[in-house]
Amino acid sequence: MTSATHRSAERIGHTEQGPRPLPPLAEPRAGRQPETVDTVLQNGLRVIAARHGAVPMVELRLRIPFAGEDPAHPARAEVLAETLLTGTRRRDRVSMDTDLAAVGGTLQAVVDPERLSITGDALASGMETLLDVLTDALTEASYPEHEVSGERDRLVERITVARSQPRTIAREELQYHRYGDHPFAREVPQAVDVAEVTPEQVRQLHREAVLPRGSTLVLVGDIDPAATVETVRRMTSGWQSEDAARELPALPEVAGGDVRLVHREGAVQSQLRFSAQAVPRTDERYPALQIANLVFGGYFSSRLVENIREDKGYTYGAHSTFEFTPDNGTILVDADTASEVTAAALLEIRYELGKLALVPPSEAEVESARQYAIGGLLTSTSSQSGLASMLMNVAALGLGQDWLSEHPDRLRAVTHQQVAEAARWYVPTAFTGVVVGDAEQLGEQLRGLGGVTLP
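Heads up: the sequence shown begins at 5 in our numbering, then just goes up one per residue.
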């Protein structure tokens, strides 16, 4: 028993002289760079193998560029991703799952307008089995009629539901607003198109597009990198083609302009989505822009979150992030609000954009964002899965482990003046976007605010 009374966190954090001072942040520890082998095999497949021996597992990431100009491509690509791992000439679906389960393994495939991605993991001792199942699917996938039919019908149901979701609608509208009919905008196929996909169309797409040349395989775990590369070389020797995987065509630059109101009848919330042109991740200005973005809306202590979430309560969450393709980078800003405060939230977002460009981040804001960026990178690469994903992300841009390991030093070298210059990318006139909501409720308030094209 104790007679001590309960003290709140606020009381604990105060003294008679006022709030207790926070201790200064310690210098982040330098991350240990993993032993890595990065090479391109004879068949054109780039292989990155890294030792990360924290646990006896191996993480696998495969990226196959998978762009297509044909309007039917997104539907066929979705069905292919759903059925790639449902059977080969040697294994049916049950056999594939059983072989993977025997080594604690998993494999999953997803597709988007840029790439076909296969992710997986297994016990390190079962890496050859994991690779065997993968290469079996890459070279001998059979797409059985009953598997294609069943997965296609389930996919139609999921797409129908997804297309009714506000966030899906907002993303699609933003993509078409930014890029028109560019293939990058075709992220979710129409359910009617998916319903018409045949097994033979999927097999043909596999033959034409599931190719090693230009693709990247990343393996991270309790492995010997050099020996792993040789194992991959041996096991993928049958995966051959003189053609290269299909890269996405270059994206047009995002031009600033009016926001477009998209009517969604009866909506009680609005989705605000804005975008502006930025720089590629490989650009020397990117580290400064990364810090400026964090100050604006890239983490919870940002100006945008403080304004429209903490101070005014217009939204539960506001975010500002980047979207990168190999030769392009854009800024994305998003928030969801109640209909009655949509115009007010839009006004405050524009205000914060203008303020960042005109009132550069303070030294304290820059240092806080810098420490967050460095710490976040070190944290994200501390696990096998995180390192595998980060290596794949930078590999897609033509970069490797060296760029990743050197990025904390680039962030440390950024000056306050460079961040101030990067902040000028955030002038409100550089942004365009969409507001998805009920035009009957939003029309008048947005018309009065200006800079919005009404339906």
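A virtual CB, placed ideally from N, CA and C, is assigned to each residue, including glycine.
For clarity, every value in this text was computed on a predicted model and none was experimentally measured.
query	result
Assign Y320 to buried or exposed, taking buried as 16 or more other Cβ atoms, counted over all protein chains shown, within 10 Å of its Cβ.	exposed
Rounded to whole angstroms, what's the CA-CA distance from R175 to D340? Just pull it up for me.	12 Å
Hey, out of V266, T110, E310 and S219, whose CA is closest to R171's CA?	V266
Take R285 and list the residues in its own chain whose beta-carbon comes closer than 8 Å to its own, dropping the five residues that flank it on each side.	F326, F328, G333, V398, L401 and L403
May I have the straight-line CA-CA distance separating V98 from E191, to the nearest angstrom?	30 Å
Just checking, does the stretch 431-443 make contact with the stretch 250-265 on the three C-beta pairs under 8 Å criterion?	yes
Does the Cβ-Cβ distance between A361 and A427 come in under 7 Å?	yes
Give the range of the alpha helix (DSSP H) segment to which D338 is assigned.	Careful: D338 lies outside any alpha helix (DSSP H), inside the beta strand (DSSP E) at N332 to A342.
For the beta strand (DSSP E) holding E327, just list the boundary residues, first then last.	A322 to T329
On the DSSP letters alone, give me the boundaries of the alpha helix (DSSP H) that T383 sits inside.	E367 to S384
State yes or no: is the C-beta of T457 within less than 7 Å of the C-beta of G260?	no
Take the Cβ of T102 as the centre, count every other Cβ of all protein chains shown within 10 Å, and call the residue buried at 16 or more, exposed below.	exposed
What's the gap between the Cα of N311 and the Cα of I335?	19 Å
Determine the extent of the alpha helix (DSSP H) in which L453 is found, giving its start and end residues.	A443 to L453
Judging by CA-CA distance, which residue of A230, A195 and R250 is the nearest neighbour of H210?	R250
Might you give, ordered along the chain, the residues of its own chain that have their beta carbon closer than 6 Å to the beta carbon of P78, omitting 5 neighbours on each side?	R190 and P193
Which whole-angstrom value describes the C-beta separation of L120 and V214, a residue pair presumed to lie in contact below a C-beta threshold of 8 Å?	7 Å
Cβ atoms of R80 and R205: under 7 Å apart, would you say?	A small fix is needed here, since residue 205 is Gln in this sequence, not Arg. Contact flag set, yes.
Check each candidate in R416, S393, A322 and P187 and name the one with the smallest Cα separation from D74.	P187
T139 and T240 - do their beta-carbons sit closer together than 7 Å?	yes
So what's A254 in DSSP terms, helix, strand or just coil?	coil
Rounding to the nearest angstrom, what Cα-Cα distance links M5 and I163 in this structure?	With a pLDDT of 48 at M5, under the threshold of 50, the modelled position of that residue is not reliable, and the figure given next carries that caveat. Approximately 59 Å between the Cα atoms of the pair.
So, under 8 Å CB-CB, Y242 and A128 are touching, yes? Tell me the CB distance rounded to an integer number of Å.	Here residue 242 is Gly; the residue named in the question, Tyr, does not match the sequence. About 24 Å separates the two Cβ atoms, so there is no contact after all.
Could you give the DSSP three-state label for F278: helix, strand or coil?	strand
Using the three-state DSSP reduction, which class does P69 fall into: helix, strand or coil?	strand
Write down the C-beta distance between V370 and H420 rounded to the nearest angstrom, noting that I regard them as a contact closer than 8 Å.	5 Å
Starting from I353, follow the alpha helix (DSSP H) in both directions and report where the run begins and ends.	T346 to L362
Alpha carbon to alpha carbon, how far is Y180 from T436?	12 Å
Leaving aside the five residues before and after V431 along the sequence, list all residues of the same chain whose C-beta is less than 6 Å from its C-beta, in chain order.	A361
Taking the alpha helix (DSSP H) that T4 falls in, what are its first and last residues?	Summary: the structure shown does not reach residue 4, with the chain confined to residues 5 through 459, and so no result is reported for it.
Closest to P60 by CA distance: which of S366, P203, S387 and D413 is it?	S387
Let me know if R383 comes out buried or exposed under the rule of 16 or more other beta-carbons within 10 Å of its beta-carbon.	In the sequence as presented, Arg is not what sits at residue 383; that position holds Thr. Counting Cβ neighbours within 10 Å, T383 comes out exposed, since fewer than 16 surround it.
Quick one: give me the first and last residue of the alpha helix (DSSP H) that G390 is part of.	Q388 to A399
Alpha carbon to alpha carbon, what distance is there between E410 and A424?	23 Å
List the DSSP bridge partners of T40.	A54
Where does S121 sit, in a helix, a strand or coil, going by DSSP?	strand
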